[in-house]
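Just so we're aligned, residue 5 is where the sequence shown starts under the numbering used here, counting upward by one.
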Amino acid sequence: MGRRIAFVYALYLLITFAPGADEETERNLKAFADPAKVWGRGVEGVIEEAYRQCFKTYILDGKVMNLRMPFAQNNERDQLSDKSWEFIGGGKADPGSLWKNITETLDSDDFQAYTETLGEGKEKVMILDIPTKAWTYSRDLFDIARMKAGAYRGLPHRPYVLVEGDGISETDVYNYLYCIGWTGMDCSGFVWHTLSHVAKTGGIDLGRTLRKVIGGKGDAAYYVGTWFFASRSREIIAVKDEIRNIRPADVLLFRGAKGGMVHSAVIQSVDLKAGLIRYLQSTDEAPLAERGVHESLIYFNPARPATSLSDPSLVWSQSRYPPFPGEQASAFSDDGERYRAFGGGKVVRLRALAAPIQKINQRR
């Protein structure tokens with residue numbers, strides 16, 4: 005369902021900004037793409053609005069591309085580099101400012117050269133050096149053969165990508181924005197954006213409300229991490245581990261090897277009749293077409309609403325892959341394995357969102 009909606013929204017954006025689009029066509033497509041048409045006017049629809057703000061349609065090299073916000077986490081890939089770097093806004097910037105930067109990046113001479121190189125019609129290995137924000141390529145037959153044989157020669161801060169030379173794709177654009185543009189949102193940055201949008205729609209400024217709890221100076225979004233959602237703050241409410249207790253706008257937390265929570269996602273909808281949970285997240289351990297902000301699903305038996313999220317009978321649809329083909333594979337085949345690992349994850353909710361969500365749901 006989510007991918008169909010994303011396509012409709014992309015079509016609306018394309019025609020809206022395409023030359024010759026008439027006002028009636030724009031109105032009809034906007035209405036058709038309205039999140040409320042599928043998700044209603046309650047909190048599920050508001051979360052969908054926040055999600056769609058992380059997608060934007062461009063025409064690049066004559067191709068229509070519905071780009072998703074890349075994943076971007078500081079210190080994720082600098083282990084073997086002699087320098088570190090910081091993504092724009094530390095991975096916490098809002099989609100509006102990030103899309104402005106992305107548009108400028110895609111309009112640059114360097115991106116144009118990158119596009120032309122990808123369309124030369126010859127196989128090559130693209131070498132993307134993150135610390136220097138520079139790229140080069142190799143047509144050496146041995147380099148190409150090694151990549152095809154699975155002998156990956158890249159480093160965390162210098163990914164290697166095998167391309168056929170038949171033109172730029174959405175995957176190529178993602179690689180450029182992430183490695184050269186230093187642009188995107190990390191997991192908690194996306195969750196904060198979504199919850200802030202819910203709060204704003206419900207009449208409060210979440211950053212201002214939680215300023216003292218979060219700490220720091222300036223924009224609260226910059227300081228919010230998974231640590232906050234996993235903290236013992238009185239603003240965090242632990243949700244009893246049964247599916248029937250989970251609600252939209254709850255935060256899903258995944259535990260790391262050292263026991264702490266290292267990844268977060270946000271629940272968008274819980275359908276107790278259909279046995280389906282939809283959650284949204286930003287991560288790069290996903291199929292190439294889903295890296296960045298994307299939807300994920302959990303299937304459960306509707307007759308067993310008291311089932312724990314850690315129950316192995318649940319089917320988690322989200323597969324996990326290395327961010328760049330050839331890199332070390334994820335330790336987990338899907339999100340379900342990751343959630344159950346190291347003692348299991350948990351679900352929490354923000355106390356401050358209770359009143360805004362109630363206000364939003366009264367609009368139904």
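Ideal placement from N, C-alpha and C gives every residue a C-beta, glycine not left out. This one's a predicted model, so the numbers in the text were calculated from it and none came from an experiment.
Where does L284 fall in DSSP's three states? For the purposes of this step, residue 284 is taken as the residue at position 280 of the sequence shown. In this structure, L284 counts as strand in the three-state DSSP scheme.
Could you give the DSSP three-state label for L372: helix, strand or coil? Only positions 5 to 368 of the chain appear in this structure, which leaves residue 372 out of reach.
Going by the DSSP bridge assignment, what does H267 pair with across the sheet? Walking along the sequence shown from the start, residue 267 turns up at place 263. For H267, which the question treats as bridged, DSSP gives the partners F258.
On the three-state DSSP scale, how would you describe V352? Your numbering for residue 352 matches position 348 in the sequence shown. Looking at V352 - three-state DSSP - the assignment turns out to be strand.
Under the assumption that I247 contacts F304 (Cβ atoms under 8 Å), give the Cβ distance between them as a whole number of angstroms. Start at 1 with the first residue of the sequence shown, and residue 247 comes out as number 243. Start at 1 with the first residue of the sequence shown, and residue 304 comes out as number 300. Sure, about 6 Å apart at Cβ, within 8 Å.
Rounded separation between T311 and D254 - CA only: Here the question's residue 311 lines up with position 307 in the sequence shown. Here the question's residue 254 lines up with position 250 in the sequence shown. Those two C-alpha atoms are separated by around 17 Å.
In three-state terms, what does DSSP make of N179? One-based indexing of the sequence shown puts residue 179 at position 175. Note: N179 maps to helix in three-state DSSP.
S142 - DSSP class collapsed to helix/strand/coil: If you number the sequence shown from 1, residue 142 lands on position 138. Collapsing the DSSP output to three states places S142 in a strand.
For F328, which of helix, strand or coil comes out of DSSP? Within the sequence shown, residue 328 is the residue found at index 324, counting from 1. Residue state, collapsed to three classes: coil.
For the beta strand (DSSP E) containing S237, name the first residue and the last one. Taking the first residue of the sequence shown as position 1, residue 237 is located at position 233. Taken as a continuous stretch (DSSP letters only), S237 belongs to no beta strand (DSSP E), as it is neither H nor E.
Based on the DSSP output, what are the partners of R72 in its beta bridges? Numbered from 1 along the sequence shown, position 68 holds the residue referred to as residue 72. BP columns for R72 point to F59.
Who pairs with H298 in a beta bridge, going by DSSP? The residue given as residue 298 occupies position 294 in the sequence shown. Paired residues: Q285.
Environment of V352 [buried if 16+ CB atoms lie within 10 Å]: Counting from 1 along the sequence shown, the entry for residue 352 is found at position 348. With 16 or more neighbouring CB atoms inside 10 Å of its own CB, V352 falls in the buried class.
CA-to-CA distance, K128 to A356, given in whole angstroms: Working through the sequence shown from its first residue, we reach residue 356 at position 352. Working through the sequence shown from its first residue, we reach residue 128 at position 124. If you take the alpha carbons of A356 and K128, they lie about 52 Å apart.
Is it true that the segment 192-206 meets the segment 268-285, where meeting means three or more beta-carbon pairs spaced less than 8 Å apart? Touching, per the Cβ criterion.
Between the beta-carbon of L2 and the beta-carbon of G349, is there less than 7 Å? The displayed coordinates of the chain run from 5 to 368. Any statement about residue 2 would go beyond what the structure contains.
Between the beta-carbon of F75 and the beta-carbon of G296, is there less than 7 Å? On the sequence shown, residue 75 is found 71 positions in, with the first residue counted as 1. On the sequence shown, residue 296 is found 292 positions in, with the first residue counted as 1. Yes.
Assess, as a yes-or-no matter, whether the segment 160-172 is touched by the segment 50-59 under the definition of 3 or more beta carbon pairs within less than 8 Å. They do not touch, by the three-pair rule.
Compute the Euclidean distance between the alpha carbons of T107 and G229, then round it to the nearest angstrom. Residue mapping note: residue 107 aligns to position 103 of the sequence shown, counting from 1. Residue mapping note: residue 229 aligns to position 225 of the sequence shown, counting from 1. Straight-line spacing of the CA atoms in T107 and G229 works out to 27 Å.
Check whether I92 and N105 have beta carbons under 7 Å apart: Along the sequence shown, one-based indexing puts residue 92 at 88. Along the sequence shown, one-based indexing puts residue 105 at 101. Yes, Cβ-Cβ distance for I92 and N105 is below 7 Å.
Looking only at C-alpha atoms, which of R143, M265 and L122 sits nearest to T175? As a first step, residue 175 must be located in the sequence shown, where it is residue number 171. Ranking R143, M265 and L122 by Cα distance to T175 puts L122 first.
Who are the near neighbours of V266 in its chain, counting only those whose CB is closer than 8 Å to its CB and skipping five residues on each side? Numbered from its first residue, the sequence shown carries residue 266 at position 262. Within the same chain, V266 has close Cβ partners T230, F258, R259 and G260.
Just to confirm, is the Cβ distance from D147 to Q77 under 7 Å? The sequence position of residue 147 within the sequence shown is 143, counting from 1. The sequence position of residue 77 within the sequence shown is 73, counting from 1. No, Cβ-Cβ distance for D147 and Q77 is not below 7 Å.
Under the DSSP definition of a beta bridge, which residues are partnered with R162? Numbered from its first residue, the sequence shown carries residue 162 at position 158. For R162, which the question treats as bridged, DSSP gives the partners L159.
Assuming P360 contacts I208 under a Cβ cut-off of 8 Å, what Cβ separation, rounded to an integer in Å, is found between them? Here the question's residue 360 lines up with position 356 in the sequence shown. Here the question's residue 208 lines up with position 204 in the sequence shown. About 6 Å separates the two Cβ atoms, so the contact holds.
Quick check on DSSP: helix, strand or coil for K104? The residue given as residue 104 occupies position 100 in the sequence shown. In the displayed model, K104 falls within a helix according to three-state DSSP.
Grab the span of the alpha helix (DSSP H) containing I218 for me, first residue to last. The residue given as residue 218 occupies position 214 in the sequence shown. Element bounds for I218: R215 to I218.
In the structure shown, what three-state DSSP assignment does S192 receive? By 1-based counting over the sequence shown, the position of residue 192 is 188. The answer is helix: DSSP assigns S192 an H, G or I state.
So, under 8 Å CB-CB, P309 and L354 are touching, yes? Tell me the CB distance rounded to an integer number of Å. Taking the first residue of the sequence shown as 1, we reach residue 309 at position 305. Taking the first residue of the sequence shown as 1, we reach residue 354 at position 350. The beta-carbon separation of P309 and L354, rounded to 23 Å, does not stay under the 8 Å limit for a contact.
Rounded to whole angstroms, what is the Cα-Cα separation between A358 and Y325? Reading the sequence shown from its first residue, position 354 is the one you call residue 358. Reading the sequence shown from its first residue, position 321 is the one you call residue 325. In a straight line, the C-alpha of A358 is about 36 Å away from that of Y325.
Determine whether the beta carbon atoms of I281 and I302 lie at a separation below 7 Å. On the sequence shown, position 277 is the one that residue 281 refers to. On the sequence shown, position 298 is the one that residue 302 refers to. Against a cut-off of 7 Å, the Cβ pair of I302 and I281 comes out as a contact.
Do I131 and T140 come within 7 Å of each other at the CB atom, strictly closer than that value? Taking the sequence shown and counting its residues from 1, one reaches residue 140 at position 136. Taking the sequence shown and counting its residues from 1, one reaches residue 131 at position 127. Yes, they are a contact pair.
With 16 other CB atoms within 10 Å as the buried threshold, where does A138 fall? Your numbering for residue 138 matches position 134 in the sequence shown. A138 counts as exposed, since fewer than 16 other C-beta atoms from the protein chains shown sit within 10 angstroms of its C-beta.
What's the call for I63, buried or exposed, on a 16-neighbour Cβ count within 10 Å? Translated into positions along the sequence shown, residue 63 becomes position 59. Answer is exposed; the Cβ neighbour count stays below 16.
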